[in-house]
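Below you'll find the structure, written out as structure tokens, and then a few comments.
In the working numbering, the protein residues as written are 8 to 80.
Put into structure tokens, the structure is as follows:
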């Protein structure tokens, strides 16, 4: 799995999210992306890192699920 940079990501549907941390699930060891929505209630979410980094196909075109807009250190 490639390492992802913390930063602002655009979801393929258009909304922006802040990837804050990469966490490790305490029971399975699976890596999780911890990210915050940058709209509405600014909810915090966790998603398996592999899913965060995967591509999706919509209308015959392939996109990253989340594309880095601005890296943050």
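We put the CB at the ideal spot given by N, CA and C, even for glycine.
query, result
"Please classify residue 49: is it buried, with 16 or more other beta-carbons within 10 angstroms of its beta-carbon, or exposed?", "exposed"
"In whole angstroms, what is the alpha-carbon distance linking residue 15 and residue 74?", "8 Å"
"Please list, in chain order, all residues of the same chain as residue 35 whose beta carbon is under 8 Å from its beta carbon, the five residues on each side excluded.", "none"
"Return the residue from the list 37, 62 and 42 that minimises the CA-CA distance to residue 79.", "42"
"Looking at the unbroken alpha helix (DSSP H) that takes in residue 56, where does it start and where does it end?", "56 to 60"
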